[in-house]
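**Student:** Each step along the sequence shown adds one to the number in the numbering used here, with nothing skipped, and position 362 is 349.
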Amino acid sequence: MSKVMNGWSGDIRSYRLSSLVTVCIVVAGFVLQYIAQGQGVGMLSWPFNALFLAVFAVFIVLLGAGFRTNDFVLWLGGIPFGLSLIFAIAFLSLLGGVIPQGISSGNILFERLGLSRMFSGWPFSLVVFCFLCNLGLSVVWKIIPFRLSNLQFMLFHGGFWIALASGLAGASDLQRVIIPVYEGRENSRAYIPQENRMVQLPFSVYLDDFSIEEYAPQIVLYDPENDRVMQGEVTGTTGVSKGYRANWPGFAVTVQDYLPHALPDSSGIPRPTGQENGIPYAKIRITAGGKSAERWLNTGSPFIKPGVVQIDRFYLVMFPGSPKVFRSGVVLSGSSGRRTAELEVNKPVTYEGWKLYQMGYDEKAGRWSQLSLIEAVSDPWLPAVYCGFFMIMAGNAMFFWKGMKRGERG
């Protein structure tokens, strides 16, 4: 079919024309980015982003339903233009993956073109906007008129449109902050690292208790002259326990007794105590040249000096075990009332639309840290994105089910 429209002759749905227009869109995006001195597209926030997305969706429906025989609209929603836009998105995404994002390169041209802010820049935004038009029109043409045979297409591509559009429109509403809170205190203010400022939260966090479980400590040999640590040849478990044995050139160490939680008495002898205050102690036997001696090692704490043993110019040191689990017992207070919760790494708690994650603590204080760092994330558009993903999954399920049915009939 040959058509003439706006002076363009030839098949307006051809791949050649689609590729040319896509290149022009990318170039126009970089020109706009340069004119804007590297500033990206300003993102709308709630409720204006929702209003814009609703108007955009209605416009796509009216355009697809009312002008489906128009040559330009057919080209805009056609496969050639869609594939060209996909290649453009892949190219721009590749640039964004290769070039460090969010870091100033010092190159004026790079900064003016927004290459270090690719995914918020004009080229990427224009290409994605056109792709949403293309994808939206293809979905509308499958919905109107409705046929059950098109359900798999509608679910997959409609879900893709919803997930992509919601994710982009809601990017400005995504909040990711860090809440520093000390044991026995309450805090309702959070820190935004990217903007280096504090914000007020709609709820408060009271830290009732912060605790850390550690792996068993390790005994190493420290060389102060070269400032290096030498691991011994360990027999059995790598963590310190009763019967633990390690060998270094010229001597061996055997753990005679191990107290995971102990404190020294008035005579300096370690005695078992509670987990909260106690530190690991190990009674070791050092064997060298047919002679042996017994000594106590301890990991030390902010309140107790570490117990080490000197061997010539080296020192035997017992390093504390690395954290196994650290958790915060918190009380959350907001408009929905008070709630007691326990936060652990990879075990978030949801409260008033926010997800709270155990993030960190005062690593210098270690197990005696009074500070807990909690990450709070609010993403009000996430349900819409999930809805799109579920629709995609349903479309895929129908695709495989149809394939299995055709296989059975064959």
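Each residue gets a CB set at the ideal place from its N, CA and C atoms; glycine is no exception.
Tell me where the alpha helix (DSSP H) around Q139 begins and ends.
**Tutor:** It spans 138 to 156 - the alpha helix (DSSP H) in which Q139 sits, taken as one unbroken run.
**Student:** For P267, is the classification buried or exposed, using 16 other Cβ atoms within 10 angstroms of its Cβ as the cut-off for buried?
**Tutor:** Result: buried.
**Student:** Which residues mark the beginning and the end of the alpha helix (DSSP H) in which N121 is found?
**Tutor:** Where N121 is concerned, the enclosing alpha helix (DSSP H) stretches over 109 to 130.
**Student:** Work out the CA separation of F133 and V(-9) for me, nearest whole Å.
**Tutor:** Confidence in V(-9) is poor, its pLDDT being 36 and thus under 50, which makes the residue's placement too unreliable to answer from.
**Student:** Give the secondary structure of V240 by DSSP, where H, G and I count as helix, E and B as strand, and everything else as coil.
**Tutor:** V240: strand per DSSP, three-state reduction.
**Student:** Around the Cβ of V114, are there at least 16 other Cβ atoms within 10 angstroms (buried) or fewer (exposed)?
**Tutor:** Per the 10 Å Cβ criterion, buried.
**Student:** Going by other Cβ atoms of all chains shown within 10 Å of its Cβ, with 16 needed for buried, is W33 buried or exposed?
**Tutor:** Exposed: under 16 other Cβ atoms inside 10 Å.
**Student:** For L31, does the three-state DSSP call read helix, strand or coil?
**Tutor:** In this structure, L31 counts as coil in the three-state DSSP scheme.
**Student:** G101 and G27 look like a contact to me (Cβ under 8 Å); what is the Cβ gap, rounded to whole Å?
**Tutor:** At roughly 6 Å, the Cβ-Cβ gap stays under 8 Å, so G101 and G27 are in contact.
**Student:** Return the chain-ordered list of same chain residues with a C-beta closer than 8 Å to the C-beta of V60, the five sequence neighbours on each side being excluded.
**Tutor:** Within the same chain, V60 has close Cβ partners L50, G51, F54, L124.
**Student:** Buried or exposed: where does N36 fall if 16 or more other Cβ atoms within 10 Å of its Cβ makes it buried?
**Tutor:** Looking at its Cβ environment, which holds 16 or more other Cβ atoms inside 10 Å, N36 is buried.
**Student:** Could you tell me whether the region 149 to 166 touches the region 367 to 381, using the rule of 3 or more Cβ pairs below 8 Å?
**Tutor:** Touching, per the Cβ criterion.
**Student:** Measure how close the beta-carbons of P420 and L360 come, nearest whole angstrom, since I'm counting them as under 8 Å.
**Tutor:** With the chain covering -12 to 397 only, the question about residue 420 has no answer from this structure.
**Student:** Among L330, T337, V336, whose alpha-carbon lies nearest the alpha-carbon of G347?
**Tutor:** Minimum Cα distance to G347 is reached at L330.
**Student:** If you count every other CB in all the chains shown that lies within 10 Å of the CB of P257, and 16 or more means buried, which is it?
**Tutor:** By the 10 Å Cβ count, P257 comes out buried.
**Student:** Assuming L303 and V296 form a contact by the criterion Cβ under 8 Å, report the distance between their Cβ atoms to the nearest whole angstrom.
**Tutor:** Contact flag correct, Cβ pair sits at about 4 Å.
**Student:** Could you compute how far the alpha carbon of G(-6) sits from the alpha carbon of L135?
**Tutor:** Model confidence at G(-6) stands at a pLDDT of 34, short of 50, so the residue's coordinates are unreliable and nothing is read from them.
**Student:** Within a Cβ cutoff of 6 Å, which residues of the same chain sit near E173, ignoring the five residues on either side of it in sequence?
**Tutor:** So the qualifying residues of the chain are S191, Y193.
**Student:** Residues in the same chain with beta-carbon distance under 7 Å from L63, minus the five sequence neighbours each way, listed in chain order, please.
**Tutor:** For L63, where only same-chain residues beyond five positions count, the Cβ hits under 7 Å are C120, N121, L124.
**Student:** Which of the three DSSP states is assigned to Q181 in this structure?
**Tutor:** Looking at Q181 - three-state DSSP - the assignment turns out to be coil, as it is neither helix nor strand.
**Student:** With distances taken between CB atoms, is the gap from G226 to A203 smaller than 8 Å?
**Tutor:** Yes, Cβ-Cβ distance for G226 and A203 is below 8 Å.
**Student:** From the beta carbon of E281, is the nearest beta carbon of chain D less than 8 Å away?
**Tutor:** Going by chain labels, chain D is absent from the structure shown, which holds only one protein chain.
**Student:** From F43 to Q162, what does the alpha carbon distance come to, in whole angstroms?
**Tutor:** Answer to the nearest angstrom: the Cα atoms are 25 Å apart.
**Student:** Would you mind working out which of N213, N94, G89, S279 sits nearest Q243, comparing C-alpha positions?
**Tutor:** Selected option, being the one with the closest Cα: S279.
**Student:** At 4 residues or longer, what runs of the alpha helix (DSSP H) sit wholly inside the region 242 to 312?
**Tutor:** For the region 242 to 312, not a single whole alpha helix (DSSP H) run of length 4 or above is found.
**Student:** Considering just the uninterrupted stretch of the beta strand (DSSP E) at D210, what are its terminal residues?
**Tutor:** Note, D210: beta strand (DSSP E), 205 to 210.
**Student:** Quick one: Cα of D214 to Cα of W341, how far?
**Tutor:** Answer to the nearest angstrom: the Cα atoms are 46 Å apart.
**Student:** Do T9 and A77 count as a contact pair if the criterion is CB distance below 8 Å?
**Tutor:** Contact flag unset, no.
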